[in-house]
Amino acid sequence: LAGTAAPGPLAGRHALVTAGPTHEPIDPVRYLANRSSGRQGYDIATALATLGARVTLVSGPVDLPAPAGVTLHRVETARQMLAACRDALPCDIAVCAAAVADWHVASEATGKIKKTTGAPPPVLTLVPNPDILAELSTPGASRPALVIGFAAETDTVEQHATAKRQRKGCDWIVANDVRPETGIMGGTENEITLITGDGAEHWPRMTKQAVATHLADRIAAFFPPVSA
Ligand code: CTP
Ligand code: CA
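For the sequence shown, the positions run 185 to 412 when the UniProt record's numbering is used.
Shown next, in the form of structure tokens:
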């Protein structure tokens with residue numbers, strides 16, 4: 185039936201997924217960004233929909249087609265991403281795969297910033313962005329039953345990710361090593377360590393699609409089936 189979620193172990197569940205980078209404007213033509221491709225988040229959204237979940241994907245600017253069977257909200261900044269996530273609540277599952285910029289520029293210039301001969305270069309003052317994962321993880325009536333964060337690290341991955349899980353208050357962390365030589369950031373493969381309340385589990389290197397499928401299966405196993 186049109187509008188009816190596909191049958192599957194996550195039928196009747198609503199999943200919110202964030203993906204991609206955010207762009208934080210400096211002036212009308214320039215922004216701060218990062219190297220996230222959005223692939224892992226898009227693949228997770230697809231895998232959750234395949235298992236029957238209703239999926240809301242909140243995405244920063246990426247060069248990827250909208251996944252089939254998923255409601256896509258495109259945003260630019262971290263503040264817009266947070267607003268779109270709040271609008272998507274309530275949900276049962278939140279997967280924060282976005283590489284949210286940690287800061288935005290304190291005051292976006294309304295016109296293009298010009299070079300002035302002899303003048304010192306402009307100084308950007310940065311202020312912290314809201315932490316979407318930490319907000320979604322905060323205990324309360326609207327907290328999703330399962331909140332999953334990502335931890336992209338370049339050293340002592342497991343220690344950093346375990347500390348991050350505590351700090352954010354999320355249930356699971358998908359940790360990975362994003363040193364440039366791994367080729368993971370922006371690439372098609374991923375090698376993750378899943379950190380849950382039971383400890384750390386290292387997964388072999390596989391495609392981001394395979395990581396998404398395995399993660400969606402783990403998520404499905406966390407939930408008892410919704411009875412009709
Ligand atoms: N995250 C978020 N909102 C932010 C920053 C991060 O939702 N403003 C989420 C990311 O989507 C990811 C997790 O938090 O799931 C960890 O992001 P990460 O950048 O690794 O953590 P930070 O707390 O920002 O720490 P740092 O960048 O200093 O390592
Ligand atoms: Ca960060």
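Note that the Cβ used here is the ideal one computed from N, Cα and C, for glycine as well. Since this is a predicted model, take the numbers as computed values, not measurements.
Buried or exposed, going by whether 16 or more other CB atoms sit within 10 Å of the CB of residue i?
i: residue 410; result: exposed
i: residue 219; result: exposed
i: residue 351; result: exposed
i: residue 285; result: buried
In angstroms with no decimal places, state the Cα-to-Cα distance between residue i and residue j.
i: residue 368; j: residue 407; result: 30 Å
i: residue 264; j: residue 256; result: 14 Å
i: residue 246; j: residue 221; result: 6 Å
i: residue 234; j: residue 296; result: 45 Å
i: residue 370; j: residue 358; result: 17 Å
i: residue 431; j: residue 397; result: A query on residue 431 cannot be resolved here, the shown segment of the chain reaching from 185 to 412 and no further.
i: residue 167; j: residue 337; result: This structure leaves residue 167 out entirely; the chain is present only between 185 and 412.
I'd like to confirm something about residue i: is its beta-carbon nearer than 8 Å to some heavy atom of ligand 2, or not?
i: residue 441; result: Within the shown structure, residues of the chain are numbered from 185 to 412, placing residue 441 beyond reach of any answer.
i: residue 401; result: no
i: residue 286; result: yes
For a test of your reading of the model: does the CB of residue i fall under 8 Å from any non-hydrogen atom of ligand 1? Yes or no.
i: residue 344; result: yes
i: residue 374; result: no
i: residue 202; result: yes
i: residue 298; result: no
With the cut-off set at 9 Å, would you say residue i and residue j are in Cβ contact?
i: residue 276; j: residue 197; result: yes
i: residue 227; j: residue 395; result: yes
i: residue 379; j: residue 346; result: yes
i: residue 203; j: residue 282; result: yes
i: residue 290; j: residue 261; result: no
Does residue i get closer than 9 Å to chain D when you measure Cβ to Cβ?
i: residue 310; result: Looking at the structure shown, chain D is missing, and only one protein chain is on hand.
- Query: Which runs of the beta strand (DSSP E), 3 residues or longer, sit entirely within the stretch 189-241?
  - Reply: The stretch 189-241 contains these whole beta strand (DSSP E) runs: 198-203, 208-211, 214-216.
- Runs of beta strand (DSSP E) lying entirely within the stretch 351-388, each at least 3 residues, in chain order: 356-361, 376-380, 383-386
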